[in-house]
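So the sequences go chain by chain: B and Z. Residue numbers for the first sequence follow my numbering, beginning at 11 and rising by one. Residue numbers for the second sequence follow my numbering, beginning at 11 and rising by one. The beta carbon of each residue, even a glycine, is placed where N, CA and C say it ideally should be.
There are 2 protein chains.
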Amino acid sequence: MKITISQINPKTLDFKYNFTLIQQRLKESDVDSLVVFPELALSGSPLYDATKYTQTYEESLSFAETLSQEKKDFIFGLPIHQNGEFFNSLAFVENGELKALSTKKNLNQFDKGFTSGEGFTLVEYKKQTIAFGFLEDLDDYLKKEDKANVIICCSNILFTPETQKKLLTELQPKIRKAKTPIILVNRCGAEGSYIFNGSSFFMLANGDLSKQSPLFEENSLQIDTEKTEKYNQSPLPRIEKMYHAAVLGIRDYFHKNNIKKALLGLSGGIDSALVVVLAVEALGKENVIGILLPSEYSTSHSITDAEASAKKLGIEYHTIPIKENFNAALTALQPIFEGKEPNVAEENLQSRIRGLIIMGIANKIGAAVLNTTNKSELAVGYGTLYGDTNGAIGTIGDIYKTDVWEMSKWINRNEEIIPWNSITKAPSAELRPDQKDTDSLPDYDVLDKVLFLHLEQSKSRQEIIDEGIDPQTVDKILRLVKINEWKRHQVAPALRMSNSALGIDRIMPIS
Amino acid sequence: MKITISQINPKTLDFKYNFTLIQQRLKESDVDSLVVFPELALSGSPLYDATKYTQTYEESLSFAETLSQEKKDFIFGLPIHQNGEFFNSLAFVENGELKALSTKKNLNQFDKGFTSGEGFTLVEYKKQTIAFGFLEDLDDYLKKEDKANVIICCSNILFTPETQKKLLTELQPKIRKAKTPIILVNRCGAEGSYIFNGSSFFMLANGDLSKQSPLFEENSLQIDTEKTEKYNQSPLPRIEKMYHAAVLGIRDYFHKNNIKKALLGLSGGIDSALVVVLAVEALGKENVIGILLPSEYSTSHSITDAEASAKKLGIEYHTIPIKENFNAALTALQPIFEGKEPNVAEENLQSRIRGLIIMGIANKIGAAVLNTTNKSELAVGYGTLYGDTNGAIGTIGDIYKTDVWEMSKWINRNEEIIPWNSITKAPSAELRPDQKDTDSLPDYDVLDKVLFLHLEQSKSRQEIIDEGIDPQTVDKILRLVKINEWKRHQVAPALRMSNSALGIDRIMPIS
């Protein structure tokens, strides 16, 4: 049997766009090939509360009916409305006629609003039996007697650097046991914080991987289920996957929201130096604008490093000192600040003035701001709310500081794209004289180790101490993580790269 | 059988506090009374991802064991860890000995991390049979043959003005059919955005309500299941319930986070005039500070109305004109703004300067900022991100503008507490000369009607037009709701008063 895996990047609720994408793929496909699209290919995903609106189902039905005018054989995902209930569904169409439906039974976090359906469906096609359904329902199907010649799974799997390996490892013994080849079709692309994995594949009945689509990119992959060639995987290193994921996340955020220009503050530090590289890769240098906002506490190397970044990349940049605005704010606040010790209030003012100026430019020219907060900072609240945490999208908010350095070094593997000085110097917020991050925080290698154990592995205090970290450091870090939860409810939503993205996967009580 | 309904207000993850609260109630209770506490009484709720940490279960077990030293009979909720799985559980303790457990089967949105358990449990107690379990599992229990003399349900029901009526109306026919009296024990109080309903009750086997605890407040209610007296409900009007809910939400936010002082901007408009009344009621006038931040576009009545508010309530207030800060920002931005038409950028700068100054004061004196954005504004994005939308907690973010007026009039029913001028004048953001909200938005009565149909009743475009609203107005409003979704991911979390709280219950795709 000939099958085409059509790994596409639909836009949420843009039925017309997705319809055109699917129609184009059908027109291009071989006459005798069954074309398989991902879960919710017609509507895009996640749908969130759009599942509650009848308009969603009306548009879906209308475009689905038009699709059937293509006299082709295909499977595609769409939301359907039946007898007052809403289902996440897959339609099997043969020669333009609806032949069978599968409705998702085991609903996941994105299926809010859908009713639990029937799971896998068996269908006769070209004298063979196909079992088709959602990945979430595969285990239920495999528990029953398997009568199919081939299994087709559609899904919307989220990216993490470990996703694909974990999926293949878990699937292999099940498929070996079932002795039935499986085709898994994923979507790719990003929607808001969510990055989808792509990497659709064909796995042989013996559990060997036979063909695989690329990570992240749209692709058509031709399968002949009779052929049993083996695919030799050479997965990208973790940091490279995350780099491409961040670039994709930025690109899709801007393209899908029809925003052309990206703005970001360039401090001369490593975070903004990395993000500007990601942004230029995603949007082109002509669409990225850097803003340097030096204060009286900025060191001269901060300014020269930031300028070096901008010049190396060839982007437009502007320098706007914040001293006058800081003084104006201090003058206004003088009646209240008078007689009180300097504290975090003065530091935060500077960050918020930077936010104010960047947002002012963004509003004036119709650009969107890229947030440059990393996961380590976000976790311990090292950053000013309504200042550092501003932005339309958090680009590295699910990337630890130690990974920010690693990614930067990888970017510089052949050539100094990021100033080496930004990579090697001690991190500083430069909000008071001679300030260093380590004045308030442990060294980042210790911090990130504790955060990884606590956030990714859900280790409690004692379990982290048992890993050899001293109790005072553990207590300090866990306290910072706890008391800064409230901030994470108001920061720019970050591109998700793990199963513990702060504010997305991991939410804790505020009180 | 004598039962004490112990409606308490636990603090999330403050096991020691909750333990003391429960212990105190047990000490006060009659020797022959079974004392019933709400779901997760020992841990508080929602637990969010704290369910993933073994520390949560260790603390829970340790305090539960200490509780059993009270040689009393009681039922209380706690998270438990059994054979590597986590359950939302109820423990039935008789004379200090654990007699039975019920583990929640039908998990809800707050039960992330828990495994589905066994549902209701039957237990013999004082020669009678008690069926006890979670409200979510009641329907499953009632489907089986009911053998109990009394049903005891524990729960954590969220407040909306309609919650209690809906609950009683749905329960009544089920209880009439089962012919078994039921006791339902809810928690009260607020945690972050969530306000819990309280209103625990005893319903007779004939479906009549016999006793009921108050909305929102902690309370002990004595029940004798042999007595069949009927309770005459006189529920508060909707707007009064919402008033008390907002006051409770503010009070619990500050008390549970150990924050004493609240700050808010006073514009002379109705929203801040209402919120300052709520804050004074919640925290006392000595803990509320108003900041007047007039600009060159502020009308004289704005200042006099804001001052009148502050003086009437007897709170500390300060006036800080923003003109110099606005000019400093415009000067800094001049190289970029030059030659471009004035637009929303200049307006937003003023709002963000206000936010900067209020946050500066908050950071200096260790206060938290009350956000004053209402639901109508939040829905259509009428407000500046990182300015108007700032705050630790959104006080009226789930209250429509038309309800803001109604609540204000109710507050003034006997005496002018809110300046009548703030209530009657046309709403204006005062960010440019002679600006009115209606320059950008339809009248609030039309806006709120469309929003109610769209948000609370999930009506699509055509269904709203069919209700008699003109298509242009509907399109304009739905477009604003859609394109401002991204802002709602970064605003102060609002106290929840409906099943469609923006950013809490209702989340939509950003793109």
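For the structure I just gave you, are there three or more beta carbon pairs, one from the segment 284-298 of chain B and one from the segment 255-264 of chain B, closer than 8 Å?
Here the segment 284-298 of chain B lies against the segment 255-264 of chain B, with 3 or more beta-carbon pairs under 8 Å apart.
Identify which residue in B:GLU227, B:LEU225, B:PHE226, B:LYS237 has its Cα closest to the Cα of ASP218 (chain B).
On the first sequence, position 208 is the one that residue 218 (chain B) refers to. Of the residues B:GLU227, B:LEU225, B:PHE226, B:LYS237, the one whose Cα lies closest to the Cα of ASP218 (chain B) is B:LYS237.
Quick one, which of B:GLY294, B:THR235, B:THR179 has its alpha-carbon nearest ILE162 (chain B)'s?
As a working note, residue 162 (chain B) is residue 152 in the first sequence. Shortest Cα-Cα distance from ILE162 (chain B) to any of B:GLY294, B:THR235, B:THR179 involves B:THR235.
Is the Cβ of LEU10 (chain Z) closer than 8 Å to any Cβ of chain B?
The first residue shown for chain Z is 11 and the last is 521, placing residue 10 (chain Z) beyond what the model contains.
Could you give the DSSP three-state label for ILE301 (chain B): helix, strand or coil?
Mapped onto the first sequence, residue 301 (chain B) falls at position 291. ILE301 (chain B): strand per DSSP, three-state reduction.
Just to confirm, is the Cβ distance from LEU388 (chain B) to VAL501 (chain B) under 8 Å?
Translated into positions along the first sequence, residue 388 (chain B) becomes position 378. Translated into positions along the first sequence, residue 501 (chain B) becomes position 491. Judged by beta-carbon spacing, VAL501 (chain B) lies within the 8 Å limit of LEU388 (chain B), meaning their Cβ atoms are closer than that value.
Along the alpha helix (DSSP H) that carries GLY365 (chain Z), what are the first and last residues, could you check?
The residue you call residue 365 (chain Z) lines up with position 355 of the second sequence. Membership of GLY365 (chain Z) in the alpha helix (DSSP H) is indicated by the continuous run 354-375.
Just tell me which of B:SER277, B:HIS328, B:ALA316 has its CA closest to the CA of ILE299 (chain B).
Within the first sequence, numbered from 1, the residue matching residue 299 (chain B) stands at position 289. Among B:SER277, B:HIS328, B:ALA316, the Cα nearest to that of ILE299 (chain B) belongs to B:HIS328.
In the DSSP output, what is GLU107 (chain Z) paired with across the bridge?
By one-based count along the second sequence, residue 107 (chain Z) stands at place 97. Beta-bridge pairing links GLU107 (chain Z) to Z:GLU104.
Opposite ASN98 (chain Z) in the DSSP bridges: which residues?
For the purposes of this step, residue 98 (chain Z) is taken as residue 88 along the second sequence, with counting starting at 1. The beta-bridge partner set that DSSP reports for ASN98 (chain Z) consists of Z:PRO89.
Using a Cβ-Cβ cut-off of 8 Å, state whether SER53 (chain B) counts as contacting chain Z.
By one-based count along the first sequence, residue 53 (chain B) stands at place 43. Closer than 8 Å to the CB of SER53 (chain B) there is not a single CB belonging to chain Z.
Can you name the residues of chain B whose CB is closer than 7 Å to the CB of GLU201 (chain Z)?
Counting from one through the second sequence, the residue named residue 201 (chain Z) turns up at place 191. At a beta-carbon threshold of 7 Å, the residues of chain B lying near GLU201 (chain Z) are PRO519, SER521, ordered along the chain.
Supposed contact pair ILE85 (chain Z) and VAL46 (chain Z) - C-beta distance, whole angstroms, cut 8 Å
Walking along the second sequence from the start, residue 46 (chain Z) turns up at place 36. Walking along the second sequence from the start, residue 85 (chain Z) turns up at place 75. About 5 Å; that satisfies the 8 Å criterion.
Let's see if you can read the secondary structure: which residues bound the alpha helix (DSSP H) around ALA200 (chain B)?
For the purposes of this step, residue 200 (chain B) is identified with residue 190 of the first sequence, where counting begins at 1. Note, ALA200 (chain B): premise wrong, no alpha helix (DSSP H); beta strand (DSSP E) at 198-201.
Residue from Z:SER70, Z:THR412, Z:PHE264 with nearest C-alpha to GLY87 (chain Z)
For the purposes of this step, residue 87 (chain Z) is taken as residue 77 along the second sequence, with counting starting at 1. When Z:SER70, Z:THR412, Z:PHE264 are compared, the shortest CA-CA separation from GLY87 (chain Z) is found for Z:SER70.
Does any residue of chain B have a CB that is nearer than 8 Å to the CB of ALA320 (chain Z)?
The residue given as residue 320 (chain Z) occupies position 310 in the second sequence. Look at ALA320 (chain Z): its C-beta is not under 8 Å from any C-beta on chain B.
If the cut-off is 7 Å on Cβ atoms, which residues from the segment 24-51 of chain Z count as contacting chain B, listed in chain order?
Hits within the stretch: zero.
Let me confirm a value: ARG35 (chain Z) is counted as buried when at least 16 other C-beta atoms fall within 10 Å, else exposed. Which label applies?
Within the second sequence, numbered from 1, the residue matching residue 35 (chain Z) stands at position 25. ARG35 (chain Z) counts as buried, since no fewer than 16 other beta carbons sit within 10 angstroms of its beta carbon.
Contact with chain B by ASP408 (chain Z), beta-carbon distance below 8 Å:
Within the second sequence, residue 408 (chain Z) is the residue found at index 398, counting from 1. Proximity of ASP408 (chain Z) to chain B, defined by a Cβ-Cβ separation below 8 Å, is not satisfied.
According to DSSP, which residues form a beta bridge with TYR204 (chain B)?
Translated into positions along the first sequence, residue 204 (chain B) becomes position 194. Per DSSP, the beta bridge partners of TYR204 (chain B) are B:GLU201.
Applying a beta-carbon distance threshold of less than 8 Å, which residues of chain Z neighbour HIS412 (chain B)?
As a working note, residue 412 (chain B) is residue 402 in the first sequence. For the sequence presented, residue 412 (chain B) should be read as Thr rather than His. What THR412 (chain B) touches in chain Z: nothing, since even the nearest Cβ is about 23 Å away.
Can you check whether the C-beta of LEU505 (chain Z) is within less than 8 Å of a C-beta belonging to chain B?
Mapped onto the second sequence, residue 505 (chain Z) falls at position 495. Not one chain B Cβ lies under 8 Å of LEU505 (chain Z).
Using a Cβ-Cβ distance cut-off of 8 Å, determine whether THR448 (chain B) contacts chain Z.
Numbered from its first residue, the first sequence carries residue 448 (chain B) at position 438. Taking a beta-carbon distance threshold of 8 Å, THR448 (chain B) does not count as an interface residue toward chain Z.
Partner residues on chain Z for VAL56 (chain B), Cβ-Cβ distance less than 8 Å
Reading the first sequence from its first residue, position 46 is the one you call residue 56 (chain B). This sequence places Pro at residue 56 (chain B); Val is not what is there. Residues of chain Z passing the Cβ test: PRO519.
Going by CA-CA distance only, name the one from B:LYS114, B:LEU108, B:LYS153 that's closest to ILE185 (chain B).
Along the first sequence, read from residue 1 onward, the residue named residue 185 (chain B) stands at position 175. Minimum Cα distance to ILE185 (chain B) is reached at B:LYS153.
For THR394 (chain Z) versus ASN381 (chain Z), is the C-beta distance shorter than 8 Å?
Mapped onto the second sequence, residue 394 (chain Z) falls at position 384. Mapped onto the second sequence, residue 381 (chain Z) falls at position 371. Cβ distance not < 8 Å, so THR394 (chain Z) and ASN381 (chain Z) don't count as in contact.
One question on the structure: do SER55 (chain B) and PHE120 (chain B) come within less than 8 Å of each other, judged by their Cβ atoms?
For the purposes of this step, residue 55 (chain B) is taken as residue 45 along the first sequence, with counting starting at 1. For the purposes of this step, residue 120 (chain B) is taken as residue 110 along the first sequence, with counting starting at 1. In this structure, PHE120 (chain B) lies closer than 8 Å to SER55 (chain B) by Cβ.
With DSSP collapsed to three states, give me the class of GLY404 (chain B).
Residue 404 (chain B) sits at position 394 when you count from the first residue of the first sequence. When secondary structure is reduced to three states using DSSP, GLY404 (chain B) falls in the strand class.
Counting Cβ pairs closer than 8 Å, one from the segment 307-321 of chain B and one from the segment 404-414 of chain B, do we hit at least three?
Pairwise C-beta distances place the segment 307-321 of chain B out of contact with the segment 404-414 of chain B, as fewer than three of them are shorter than 8 Å.
CA-CA distance, ILE474 (chain Z) and ASP455 (chain Z)?
As a working mapping, residue 474 (chain Z) is identified with position 464 in the second sequence. As a working mapping, residue 455 (chain Z) is identified with position 445 in the second sequence. Cα-Cα distance, rounded: 14 Å.
Straight-line CA distance for GLN65 (chain B) to ARG471 (chain Z)?
Here residue 65 (chain B) corresponds to residue number 55 of the first sequence, with the count starting at 1. Here residue 471 (chain Z) corresponds to residue number 461 of the second sequence, with the count starting at 1. Taking the Cα positions, GLN65 (chain B) is about 8 Å away from ARG471 (chain Z).
Is the CB-CB distance between ILE427 (chain Z) and SER203 (chain Z) below 8 Å?
Residue numbering aside, residue 427 (chain Z) sits at position 417 when the second sequence is read from its first letter. Residue numbering aside, residue 203 (chain Z) sits at position 193 when the second sequence is read from its first letter. ILE427 (chain Z) is not a Cβ neighbour of SER203 (chain Z), given a cutoff of 8 Å.
Decide if the segment 125-142 of chain Z is in contact with the segment 165-174 of chain Z; the criterion is three or more beta carbon pairs, one per stretch, under 8 Å apart.
Three or more beta-carbon pairs separated by less than 8 Å are not found between the segment 125-142 of chain Z and the segment 165-174 of chain Z, which leaves the two stretches without contact.
Run through the DSSP bridge pairs and tell me what LYS221 (chain B) is partnered with.
The residue labelled residue 221 (chain B) in the question sits at position 211 within the first sequence. Beta-bridge analysis with DSSP links LYS221 (chain B) to B:PHE212.
Exposed or buried, which one is ASN93 (chain B) when buried takes at least 16 other CB atoms within 10 Å?
As a first step, residue 93 (chain B) must be located in the first sequence, where it is residue number 83. That one is exposed.
Closer than 8 Å, CB to CB, is GLY404 (chain B) near chain Z or not?
The residue you call residue 404 (chain B) lines up with position 394 of the first sequence. Taking 8 Å as the threshold, the shortest C-beta distance from GLY404 (chain B) to chain Z does not fall below it.
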